[in-house]
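Numbering (the working numbering), first residue to last: 51 to 373.
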């Protein structure tokens, strides 16, 4: 199995590990490519087997001289389990990345995961950016996410593990259809992928190229502290996509009502914490701040056409804005 890890060769990398098919295969693929990485694993303590998975991770780290970060939590099985587990997992990864200066988080999402995500988003009502939200390389605020297995199916990874006699675990909770992802996996995506794998791989590749060709500018043109300034894309739908992405990275999910209000008011505060302003040329997003402004600063903001609800944060942090 030939994968290109050149993009992260000079990066300090952290692998999200579980001991399952995907992350076990990726561990050894990275190892064989001589890519430097450490590992992080979360034990939710909902399965007896999870203790063995943690022990396996510890043994691999010791054998191959990898740093290992372990989070042990007691998470009850519930209808919100998938979301709660994901939030715990990614907050843990962010802490490790920040404290240890990692640059890239490597995850073992593969082709089955990608198709599941596509179908789940399709079932809820989604645009192009949501449907193809699972990309090989994604830039976050403080780190990047690398998903090198997106064009490889779970069956191919399992075959690799068996051929090389590599140990792995099967998560028994993946059978339970009370979890939405499992429902889509067992009833739709796995069956579809088994029959049309080559076509699905090609379609994702074509669609991703088409999306890239649209040249949608989702990244900020200015980032100072927690202030982000984006280009106004002159399209309400695209501007909402820009705002959505920024707020998700800050831990906020917009409701449909809030989206409507953003477009209507142009200057608005979300959840009493984040200010958003849409001007003729720019989109401003910054934490809410309250402070008395000097007369000189107010005049500066008027000349620069900086929105009212963004000014206090800029003044408080003494930021220099140059367009």
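Beta carbons are placed, not taken as given, at the ideal position from N, Cα and C, and that holds for glycine. Only a predicted model underlies this, so the values are computations on that prediction, with no experimental measurement involved.
Query - Inter-stretch contact (C-beta, 8 Å, three-pair minimum) for the region 276 to 290 and the region 231 to 241 - result: Taking 8 Å as the limit for Cβ pairs, the verdict is that the region 231 to 241 does not touch the region 276 to 290.
Query raised in the report: So what's residue 210 in DSSP terms, helix, strand or just coil?
Result: Of the three classes helix, strand and coil, the one that applies to residue 210 here is helix, per DSSP.
Query raised in the report: What residues in its chain sit with their C-beta under 7 Å from that of residue 239, if we drop five residues either side in the sequence?
Result: 162, 165, 166, 169
**Report entry** Closest by C-alpha distance to residue 370, when choosing among 279, 340, 293
**Finding:** Of the candidates 279, 340, 293, the one whose C-alpha sits nearest the C-alpha of residue 370 is 279.
Report task. Within the region 292 to 324, note down every full alpha helix (DSSP H) run reaching 4 residues or more, in order along the chain. Result -> List check, alpha helix (DSSP H) in window: 306 to 315.
**Report entry** For residue 103 and residue 69, believed in contact at Cβ under 8 Å, the rounded distance
**Finding:** The pair is a contact, with the Cβ atoms about 4 Å apart (cut-off 8 Å).
Report task. Could you say which of 223, 179, 160 lies nearest to residue 205 if we only look at CA atoms? Result -> Checking every option, the nearest Cα to that of residue 205 belongs to 160.
Query raised in the report: Can you round the beta-carbon distance between residue 66 and residue 200 to whole angstroms, since I take them to be within the 8 Å contact cut?
Result: Not really, about 14 Å apart at Cβ, beyond 8 Å.
**Report entry** Boundaries (first-last residue) of the alpha helix (DSSP H) holding residue 104
**Finding:** 100 to 113
Query raised in the report: For residue 130, which of helix, strand or coil comes out of DSSP?
Result: coil
Query raised in the report: For the putative contact between residue 96 and residue 127, defined by C-beta atoms under 8 Å, what is the C-beta separation to the nearest angstrom?
Result: 6 Å
Requested in this report: Give the DSSP bridge partners of residue 160, in chain order.
Outcome: 199
Query raised in the report: So the alpha helix (DSSP H) residue 349 belongs to, where does it begin and stop?
Result: Residues 345 to 354.
Query raised in the report: Under a three-way DSSP split, which group does residue 252 fall into?
Result: The answer is helix: DSSP assigns residue 252 an H, G or I state.
Query - Of the listed residues 230, 207, 188, nearest to residue 220 (C-alpha basis) - result: 207
Requested in this report: Can you tell me which of the three DSSP states residue 144 falls into?
Outcome: Secondary structure at residue 144: helix, using DSSP grouped into helix, strand and coil.
Query raised in the report: Taking the alpha-carbon positions, what's the residue 229 to residue 329 distance?
Result: 42 Å
Query raised in the report: So, are the CB atoms of residue 196 and residue 89 less than 7 Å apart?
Result: no
**Report entry** Reduced DSSP category for residue 83 - H, G, I as helix; E, B as strand; rest coil
**Finding:** coil
Query - Best match in 76, 187, 64 for proximity to residue 262 [C-alpha to C-alpha] - result: 187
Query raised in the report: For residue 368, which of 78, 275, 303 has the nearest alpha-carbon?
Result: 275
Query - Contact under 7 Å by Cβ, residue 346 with residue 362 - result: no
Query raised in the report: What residues match up with residue 274 in a beta bridge as DSSP calls it?
Result: Residue 274 pairs with 277.
Query raised in the report: Is residue 194 helix, strand or coil by DSSP?
Result: strand
Report task. Run the CB neighbour count on residue 225, radius 10 Å, all protein chains shown included, and call it buried at 16 or more, exposed below. Result -> It is exposed - the Cβ of residue 225 has fewer than 16 other Cβ atoms within 10 Å.
**Report entry** Opposing strand residues paired with residue 122 [DSSP bridges]
**Finding:** 93
Query - Local Cβ density within 10 Å of residue 373, reported as buried at 16 or more and exposed below that - result: exposed
Query raised in the report: So residue 148 packs on residue 192, CB below 8 Å; how close in whole Å?
Result: The C-beta distance from residue 148 to residue 192 rounds to 7 Å, short enough to meet the 8 Å contact threshold.
Query - DSSP state of residue 342 mapped onto helix, strand, coil - result: coil
Query raised in the report: Alpha carbon to alpha carbon, how far is residue 189 from residue 270?
Result: 12 Å
Query raised in the report: How do the region 299 to 316 and the region 242 to 251 stand: do at least 3 beta-carbon pairs fall below 8 Å, yes or no?
Result: The answer is no - the region 242 to 251 does not touch the region 299 to 316, with fewer than three Cβ pairs under 8 Å.
**Report entry** Delimiting residues of the alpha helix (DSSP H) encompassing residue 181
**Finding:** That run of the alpha helix (DSSP H) goes 178 to 181.
Requested in this report: Excluding the 5 residues preceding and the 5 following residue 257 in the sequence, name in chain order all residues of the same chain whose CB lies nearer than 7 Å to its CB.
Outcome: 182
Report task. Take the Cβ of residue 353 as the centre, count every other Cβ of all protein chains shown within 10 Å, and call the residue buried at 16 or more, exposed below. Result -> Exposed, since its Cβ has fewer than 16 Cβ neighbours within 10 Å.
Report task. Please confirm whether residue 327 and residue 357 have their CB atoms less than 7 Å apart. Result -> yes
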